[in-house]
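Read through the structure below, which is laid out as structure tokens, and then see the notes.
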Amino acid sequence: MPPEPFAIRPGDAPPAARPAPRPSAPEGAPDPAPDPNRATAPAPAPDPGATEDWRAGGFGIYVHWPFCKSKCPYCDFNSHVSAHVDHDAWRQALIADLEAAARLTPGRRARTMFFGGGTPSLMPPATVAALIDAVDRLWGFEPGAEITLEANPTSVEAAAFRGYAAAGVNRVSMGVQALNDADLRALGRTHGAAEAMAAFDVARAVFRRVSFDLIYARQNQTPQAWEAELRRALDLAADHLSLYQLTIEPGTRFAQLHARGRLRGLPADDDAARMYELTQELCEAAGMPAYEISNHARPGDESRHNLIYWRYGDYVGAGPGAHGRLTVEGRRLATENLRAPGAWLEAMRAGRPAASFEEIAPEDQAAEYLLMSLRLAEGTDPARHARLGGRPLDPERVARLVEQGVLTWRAERLAATRKGRALLDAALRELVA
Numbered sequence: 001m002p003p004e005p006f007a008i009r010p011g012d013a014p015p016a017a018r019p020a021p022r023p024s025a026p027e028g029a030p031d032p033a034p035d036p037n038r039a040t041a042p043a044p045a046p047d048p049g050a051t052e053d054w055r056a057g058g059f060g061i062y063v064h065w066p067f068c069k070s071k072c073p074y075c076d077f078n079s080h081v082s083a084h085v086d087h088d089a090w091r092q093a094l095i096a097d098l099e100a101a102a103r104l105t106p107g108r109r110a111r112t113m114f115f116g117g118g119t120p121s122l123m124p125p126a127t128v129a130a131l132i133d134a135v136d137r138l139w140g141f142e143p144g145a146e147i148t149l150e151a152n153p154t155s156v157e158a159a160a161f162r163g164y165a166a167a168g169v170n171r172v173s174m175g176v177q178a179l180n181d182a183d184l185r186a187l188g189r190t191h192g193a194a195e196a197m198a199a200f201d202v203a204r205a206v207f208r209r210v211s212f213d214l215i216y217a218r219q220n221q222t223p224q225a226w227e228a229e230l231r232r233a234l235d236l237a238a239d240h241l242s243l244y245q246l247t248i249e250p251g252t253r254f255a256q257l258h259a260r261g262r263l264r265g266l267p268a269d270d271d272a273a274r275m276y277e278l279t280q281e282l283c284e285a286a287g288m289p290a291y292e293i294s295n296h297a298r299p300g301d302e303s304r305h306n307l308i309y310w311r312y313g314d315y316v317g318a319g320p321g322a323h324g325r326l327t328v329e330g331r332r333l334a335t336e337n338l339r340a341p342g343a344w345l346e347a348m349r350a351g352r353p354a355a356s357f358e359e360i361a362p363e364d365q366a367a368e369y370l371l372m373s374l375r376l377a378e379g380t381d382p383a384r385h386a387r388l389g390g391r392p393l394d395p396e397r398v399a400r401l402v403e404q405g406v407l408t409w410r411a412e413r414l415a416a417t418r419k420g421r422a423l424l425d426a427a428l429r430e431l432v433a
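For the sequence shown, position 430 (counting from the first letter as 1) is numbered 430 according to the UniProt record's numbering, and the numbering increases by one without interruption.
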């Protein structure tokens with residue numbers, strides 16, 4: 001359930017399953033969806049003289065498992081309901097995808113690995129183990145590497161947690177989304193609140209690091225109700241929370257209902273803004289400040305995998321629809337896999353190209369870095385931005401945003417203020433114009 005870089009929406013991570021917004025696109029908009037049957041030639045020849053900026057962000061692996069038990073009405077991720085999955089074929093294809101990426105990125109070690117989807121907790125633990133072993137064989141892991149698996153909080157999936165831990169998973173991210181049954185039904189979730197809390201207890205007993213997601217600004221939700229729910233969530237002692245405002249995404253069931261005037265009870269803008277402010281206030285008071293717009297953690301328990309995206313590192317995207325950023329001898333490449341699961345699997349089994357490669361121009365690298373890094377509380381490094389794009393940020397525009405209280409200087413980094421986080425899309429438009 002990976003989020004787009006701009007959208008405040010459900011999912012603990014990866015733009016690796018979605019395209020990062022390009023500067024030419026409206027803010028928050030994904031790149032045009034790829035033709036599900038398109039595959040293009042291998043990556044262009046490298047430029048040996050170019051630098052390797054990716055080291056400032058790190059290197060991680062994202063694996064996309066596209067299958068779900070049901071499609072949630074708010075979800076526009078690359079997820080599919082399938083009555084039968086050939087697990088052997090999918091395991092072999094995902095390993096082949098990782099092997100292809102490893103040939104482009106020799107001599108590295110993975111800082112993180114993230115299983116997203118879809119619902120990766122529907123994968124057999126043996127498949128998860130085989131994929132972790134493949135990454136260890138192809139790259140090796142850095143000491144203390146973070147290996148995260150997204151999970152639905154059901155009793156059936158919680159029963160597999162010990163198997164995932166034995167496979168090497170050391171962090172789980174749970175898609176709880178709400179703490180009451182009525183809202184869970186409205187969100188199309190297959191679990192109830194009591195089942196979710198029982199699964200959370202199992203996760204806490206098995207894994208040292210546990211995160212879960214909640215969606216706020218839901219139908220008929222008031223700021224007072226969200227405050228009570230968030231206080232309860234903070235009392236559960238998770239070390240990481242991803243808290244997303246409900247957004248109506250094109251192509252979803254919610255979007256269809258909204259267009260027909262049948263999605264009733266969405267909070268007014270003022271109430272949604274108050275819920276955002278309550279989120280910041282309560283999480284800070286509980287020792288879990290926002291280290292990124294929608295992500296809160298106790299110091300040291302931030303999602304290291306997501307930090308690779310936001311710090312503009314390199315990441316492999318394996319599986320259907322997965323996107324990546326890879327530096328090949330200095331050239332920064334955007335990678336994009338075939339989106340349709342069947343087309344991707346067929347290409348992998350036949351040994352045909354299943355990914356396209358696009359070299360990212362220096363000015364676009366600078367814009368992408370800015371778009372991602374300003375989401376972080378630590379902010380952006382203007383010197384790195386200038387190195388990537390060949391020119392500095394416009395000092396007059398920066399000064400104006402600082403004067404307006406949208407941005408602030410912290411040492412030699414430029415960061416959004418609390419006020420600025422709520423206005424970040426407008427600030428980014430100003431900076432990249």
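Glycine included, C-beta positions come from ideal geometry on N, C-alpha and C.
Cβ neighbour criterion (16 or more within 10 Å) applied to residue i
| i | result |
| --- | --- |
| residue 366 | buried |
| residue 337 | buried |
| residue 292 | buried |
| residue 231 | exposed |
| residue 75 | Reliability of the predicted coordinates at residue 75 is poor, the pLDDT of 44 falling under 50, and the value obtained from them is presented with this limitation in mind. So residue 75 ends up on the buried side. |
| residue 171 | buried |
| residue 106 | exposed |
| residue 314 | buried |
| residue 299 | exposed |
| residue 433 | exposed |
| residue 394 | exposed |
| residue 220 | exposed |
| residue 250 | exposed |
| residue 72 | Note on residue 72: pLDDT 48, under 50, position unreliable in the model; the coordinate value appears next. So residue 72 counts as buried. |
| residue 84 | exposed |
| residue 405 | exposed |
| residue 427 | buried |
| residue 320 | buried |
| residue 429 | exposed |
| residue 213 | buried |
| residue 91 | buried |
| residue 391 | exposed |
| residue 341 | buried |
| residue 414 | buried |
| residue 17 | Bear in mind that the predicted position of residue 17 carries a pLDDT of just 41, short of 50, making it unreliable; the figure below should be weighed with that in mind. By the neighbour-count rule (16 or more Cβ atoms within 10 Å), residue 17 is buried. |
| residue 168 | buried |
| residue 54 | buried |
Spatially closest choice to residue i from the options, by CA coordinates
| i | options | result |
| --- | --- | --- |
| residue 343 | 192, 335, 333, 354 | 354 |
| residue 270 | 386, 384, 223 | 223 |
| residue 360 | 324, 393, 346 | 324 |
| residue 57 | 419, 306, 329, 198 | 306 |
| residue 59 | 421, 311, 372 | 311 |
| residue 173 | 127, 142, 91, 118 | 118 |
| residue 209 | 227, 194, 128, 147 | 147 |
| residue 349 | 289, 88, 268 | 88 |
| residue 176 | 273, 197, 167, 272 | 197 |
| residue 122 | 345, 68, 397 | 68 |
| residue 373 | 424, 140, 339 | 424 |
| residue 243 | 93, 294, 288 | 294 |
| residue 195 | 388, 207, 178, 278 | 178 |
| residue 334 | 168, 93, 309 | 309 |
| residue 193 | 168, 229, 169, 330 | 229 |
| residue 216 | 166, 165, 274, 346 | 274 |
| residue 411 | 396, 377, 225 | 377 |
| residue 422 | 260, 272, 358, 181 | 272 |
DSSP beta-bridge partners of residue i
| i | result |
| --- | --- |
| residue 85 | Note: residue 85 sits in no beta bridge, so no partner. |
| residue 487 | Residue 487 cannot be examined here, being either before or after the span of the chain that is shown, 1 to 433. |
| residue 213 | 242 |
| residue 328 | 331 |
| residue 181 | BP columns for residue 181 are empty, so no partner. |
| residue 63 | 115, 318 |
| residue 356 | 336 |
| residue 409 | 414 |
| residue 504 | Within the shown structure, residues of the chain are numbered from 1 to 433, placing residue 504 beyond reach of any answer. |
| residue 141 | 110 |
| residue 448 | Residue 448 is absent from the model: the chain starts at 1 and stops at 433. |
Does the region 380-388 come into contact with the region 128-140, if we say contact requires no fewer than three beta-carbon pairs (one atom in each stretch) closer than 8 Å? Counting Cβ pairs under 8 Å, fewer than three are found: no touch.
Quick check: the region 57-71 against the region 95-113, are there 3 or more CB pairs under 8 Å? Between the region 57-71 and the region 95-113, the count of Cβ pairs shorter than 8 Å is three or higher; the stretches touch.
Tell me whether the region 157-177 and the region 194-207 touch, counting them as touching only if at least three CB pairs, one residue from each stretch, are closer than 8 Å. The region 157-177 is in contact with the region 194-207.
Which runs of the beta strand (DSSP E) spanning at least 3 residues fall entirely within the region 94-118, listed in chain order? Listed in chain order, they are 110-117.
Evaluate the contact criterion for the region 189-196 versus the region 234-241: three or more CB pairs, one atom per stretch, below 8 Å. The region 189-196 vs the region 234-241: no contact.
Any chance you could list the alpha helix (DSSP H) runs of at least 4 consecutive residues sitting entirely within the region 268-327, in chain order? Runs of the alpha helix (DSSP H) inside the region 268-327: 269-285, 304-310.
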